[in-house]
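A.B. asks: My questions all concern the structure below.
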Amino acid sequence: MEVLKKVTGLSSLFLFIITISISFVILFTPLYYYTASSLGLPDTLNLSIEALMENYYVLLKYLHFPWITELNFPDFISSESGLFHFFEVKILFYLNYIILILSAIGSFIYFRVMKRTKRIWTLQKPFFIASLVPPLLLLFLTVSFDKMFVLFHEIFFNNDDWLFNPATDPIILALPEEFFMYTFLLFFLLIETLFIFMYQYSKRNAFK
């Protein structure tokens, strides 16, 4: 029973860190603004940066709000397969937020118990080991982002609808590969920062 509680508690902590980082990246719209500006997307697509941001906000609203059931970009046409892919992404977003809420509750309970029993120091080893993973993934990302990007889609999607054709889904031209590389990079940096913070925090509690 004690082992089960520990596994459940640690799983909650790790899932919370992962999902809160994903949520931050999703909602961090300045990243898209930077990408669009630095890559010259307004000139390439013959749209103002304001128009690009408007289309991006339309996408984010569709992906987040259950009452928005149709995706209609102001400046881009969409194919049936493209719209279905965004619907699948919408489901994944909801799944992420559900796990975030549940893991936040589990983490709060577990952390409170660990603090009351003065066992926060036992989190040192799990978070030290966890902190070794993001650097390896970052290395893989810098060496072969294409393979990581394809692997990601093969894991989370059971079809090829994510392979957009610019002729039928020109929105993909406004969402270049570099943007997704930046989101992966920010995500790995966030979870690494949080893993290190938790390791340092638990280490300091070892002397209390």
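Under my numbering, the residue at position 52 of the sequence shown is numbered 1346, and the numbers go up by one with no gaps.
Heads up, the beta-carbon is just placed ideally off N, CA and C, and yes, glycines get one too.
Where in the segment 1366 to 1446 do unbroken runs of the alpha helix (DSSP H), each at least 4 residues long, occur, reported from the N-terminal end onward?
C.D. replies: Within the segment 1366 to 1446, the complete alpha helix (DSSP H) runs of at least 4 residues fall at 1374 to 1410, 1418 to 1424 and 1427 to 1437.
A.B. asks: Report the CB separation of residue 1489 from residue 1434 in whole angstroms; it is logged as a contact under 8 Å.
C.D. replies: Between residue 1434 and residue 1489 the Cβ distance is about 17 Å, and since that is not below 8 Å, they are no contact.
A.B. asks: Considering only C-alpha positions, which residue in the set 1361, 1325 and 1465 is nearest to residue 1367?
C.D. replies: 1465
A.B. asks: Are the segment 1475 to 1489 and the segment 1336 to 1354 touching by the rule of at least three beta carbon pairs closer than 8 Å?
C.D. replies: no
A.B. asks: Would you mind reading off the limits of the alpha helix (DSSP H) that contains residue 1342?
C.D. replies: It is not in any alpha helix (DSSP H) - residue 1342 carries neither H nor E in the DSSP assignment.
A.B. asks: Would you mind stating whether residue 1357 and residue 1346 have Cβ atoms separated by less than 8 Å?
C.D. replies: no
A.B. asks: Report the option in 1477, 1493 and 1460 whose CA atom is closest to the CA atom of residue 1321.
C.D. replies: 1477
A.B. asks: Relative to the ligand MG, is the shortest distance from any of its heavy atoms to the C-beta of residue 1367 smaller than 7 Å?
C.D. replies: With respect to the ligand MG, the structure shown offers nothing to examine, as it has no ligands at all.
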